[in-house]
Amino acid sequence: MWGDSKTMLKSRGGVGGGGGGDGGDYFPPTPRKDWSTGLLKLVTAMVIFMAGVVIGLSVSANVSRYYYNSHTELFFPANTYSTSYCDRRGASGDCGPGFKAFVHPPYLAHSMTDDELFWRATLVPTAEEFPFQRVPKVAFLFMTRGPIPFAPLWEKFFRGHQGLYSVYVHAIPDYKLNVSKASPFYGRQIPSEEVSWGSISLVDAEKRLLANALLDFSNERFVLLSESCIPVFNFPTVYEYLINSEHSFVESYNIDTPQSAGRYNRRMAPHILPDQWRKGSEWFELNRELAVRVVADYKYYSIFRKHCRPSCYPDEHYIPTYLHLFHGSLNANRTITWVDWSRGGPHPARYGAANINVEFIQAIRNNGTQCLYNSKHTSVCYLFARKFAPSALGPLMNLTSTILDF
Ligand SMILES: *[C@@H]1O[C@H](CO)[C@@H](O)[C@H](O)[C@H]1NC(C)=O
Ligand SMILES: *[C@@H]1O[C@H](CO)[C@@H](O)[C@H](O)[C@H]1NC(C)=O
Ligand SMILES: *[C@@H]1O[C@H](CO)[C@@H](O)[C@H](O)[C@H]1NC(C)=O
Ligand SMILES: *[C@@H]1O[C@H](CO)[C@@H](O)[C@H](O)[C@H]1NC(C)=O
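Using this note's numbering, the first residue of the sequence shown is number 112, and each one after it goes up by one.
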């Protein structure tokens with residue numbers, strides 16, 4: 112190939128400095144027989160020397176056309192380092208995966224085990240500057256069993272904002288989402304495992320979603336959502352709110368009830384003491400730093416795996432407690448996913464078609480109560496809401512042009 116031979120010539124001519132002298136290395140030494148062999152060798156050496164000079168000159172002329180600004184690059188041409196050369200051509204092939212694919216994996220399929228994935232996802236660059244234009248993205252992590260009934264609503268929400276978000280879906284193994292190629296959900300299923308609700312496998316799935324999303328170095332904020340969640344603001348509002356927040360949004364509290372403090376297990380001491388125990392909604396929002404911490408934690412995860420069993424639910428306690436122990440100051444201690452527990456019982460209220468109207472959505476967007484955002488009061492406390500029945504889709508699509516504004 113033209114490209115390859117050019118690299119070879121250049122590295123030979125460039126690195127050799129004089130070019131000709133090195134030419135002899137390519138011919139094995141022959142034993143001296145008589146004077147004619149000696150003369151032949153001399154002539155050969157002269158020819159090779161001249162050829163070397165010609166090649167050297169033409170190559171350096173070629174090089175200086177591209178690199179006339181830098182002597183360093185003239186003597187140590189960037190092209191001799193094959194990876195950067197391959198990347199410039201946008202090829203992978205013989206060159207291995209390119210830099211672009213390393214920082215923004217284009218496909219989500221991989222064969223890593225959880226341990227391998229978590230290890231790899233928690234490698235953090237030491238250099239403060241990125242060698243590429245990094246536009247921070249929000250990663251939307253959908254934990255579902257099967258279909259995503261509100262996919263059409265989300266598709267409308269995401270439309271026109273490519274490059275500012277990434278979607279990841281953890282479904283039951285072997286389930287294949289049926290979406291069009293144009294959908295932001297297309298090809299976004301991560302390698303998944305069986306999840307049984309209320310068990311540690313739910314935490315495993317959360318960590319798996321976080322870890323897969325961490326492989327993309329532009330993902331900065333990580334929101335966990337379910338198939339019954341909807342957005343209640345448009346994308347630009349959600350993006351600005353999350354990207355500019357000084358805190359992550361993980362609900363965290365402890366009250367003296369059987370469903371909260373009552374789930375603490377004394378065997379967790381001395382690592383977790385009763386007053387360090389926390390509870391909160393499973394539906395978190397984490398920044399990149401905290402996402403790495405959660406995926407990297409093994410010690411506290413293991414304690415929950417061992418000692419938080421029904422009627423203790425790890426998904427409601429592990430992340431709030433872990434953050435409280437080590438990173439409390441980075442947490443807003445509130446959730447941005449609205450839910451209605453007012454009816455009591457073990458499950459929150461579920462809203463269908465009959466419930467959807469402008470007033471209802473408006474009450475979620477601003478119910479008259481204020482909350483803190485970057486230490487200031489605001490009426491915007493919830494960006495997402497649950498739980499909604501599939502029948503709510505039609506009426507919600509109807510509201511996108513008015514109150515939802517997308
Ligand atoms: C996938 O969706 C299309 C369009 O909605 C539908 O026609 C098709 O039957 C679906 N396929 C499966 C396997 O559900
Ligand atoms: C959240 O709680 C932690 C203690 O876990 C506290 O340090 C932090 O200041 C609280 N966050 C806010 C925004 O008040
Ligand atoms: C608004 O929401 C907050 C938090 O969910 C709740 O405590 C409060 O009662 C609500 N206010 C009204 C007027 O519904
Ligand atoms: C959408 O709104 C129109 C006009 O207000 C109404 O006639 C229609 O029934 C609504 N569709 C749904 C699915 O709610």
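Just so you know, even glycine gets a beta-carbon here, dropped at the ideal spot from N, CA and C.
R256 counts as exposed, since fewer than 16 other beta carbons sit within 10 angstroms of its beta carbon. Taken in chain order, the complete alpha helix (DSSP H) segments of 4 residues or longer contained in the stretch 425 to 467 are 429 to 437.
For V249, the closest alpha carbon among the candidates F269, E317, A460 and N485 is that of F269. Taking a cut-off of 8 Å on C-beta distances, the stretch 426 to 442 does not touch the stretch 466 to 486, as fewer than three cross pairs fall below it. When Cβ pairs closer than 8 Å are counted between the two stretches, the stretch 323 to 331 is seen to touch the stretch 228 to 239, the count reaching three or more.
Taking each of G391, N365, L275 and H221 in turn and checking the Cα distance to E351, the smallest one comes out for L275. Between W394 and N365, the C-beta gap is not smaller than 7 Å, which leaves the two residues out of contact. Residue range R399 to A407 is occupied by the alpha helix (DSSP H) that includes R399. If only complete runs of 4 or more residues are kept, the stretch 335 to 407 shows the alpha helix (DSSP H) at 346 to 354 and 399 to 407, in order along the chain. For M254, the enclosing beta strand (DSSP E) starts and ends at K248 to M254. Here the stretch 240 to 254 lies against the stretch 279 to 295, with 3 or more beta-carbon pairs under 8 Å apart. In the structure shown, the three-state DSSP call for Q273 is coil. Nearest C-alpha to E304 among L353, M223, N330 and Q370: M223. Relative to the non-hydrogen atoms of ligand 2, the Cβ of A443 comes within a distance shorter than 6 Å of at least one.
In this structure, DSSP gives K487 an extended state, which the three-state scheme calls strand. Collapsing the DSSP output to three states places R319 in a helix.
In the structure shown, V278 adopts extended strand secondary structure according to DSSP, grouped into three states. In the DSSP annotation of this structure, the continuous segment of the alpha helix (DSSP H) that includes K417 starts and ends at K410 to H418.
Taking a C-beta distance under 7 Å as the contact criterion, F333 and L397 qualify as a contact pair. Three or more beta-carbon pairs separated by less than 8 Å are not found between the stretch 209 to 216 and the stretch 304 to 315, which leaves the two stretches without contact. In the DSSP assignment, V469 falls within the unbroken alpha helix (DSSP H) covering V469 to R476. Inter-segment contact for the stretch 368 to 385 and the stretch 413 to 425 is present: three or more beta-carbon pairs are separated by less than 8 Å.
Counted as a single uninterrupted DSSP element, the alpha helix (DSSP H) harbouring F229 occupies residues D225 to A232. Take the alpha-carbon of G439 and the one of F296: they are about 33 Å apart. Between F344 and H272, the gap from beta carbon to beta carbon reaches 7 Å or more. Of all residues, those with a beta-carbon under 5 Å from at least one heavy atom of ligand 4 are G505, P506 and N509, reported in chain order.
Of the candidates L441, P506 and A460, the residue whose Cα lies closest to the Cα of W452 is A460. Under the three-state reduction of DSSP output, N330 falls in the strand class. For N509, the enclosing alpha helix (DSSP H) covers residues L504 to L510. Looking from the CA of P302, the closest CA among T489, N442 and H221 belongs to H221. By alpha-carbon distance to A372, the top candidate from V290, N355 and K390 is K390.
In the DSSP annotation of this structure, K292 is not part of any alpha helix (DSSP H), being labelled neither H nor E. Here DSSP, grouped into helix, strand and coil, assigns F499 to strand. Distances from the CB of H435 to the heavy atoms of ligand 2 include at least one below 6 Å.
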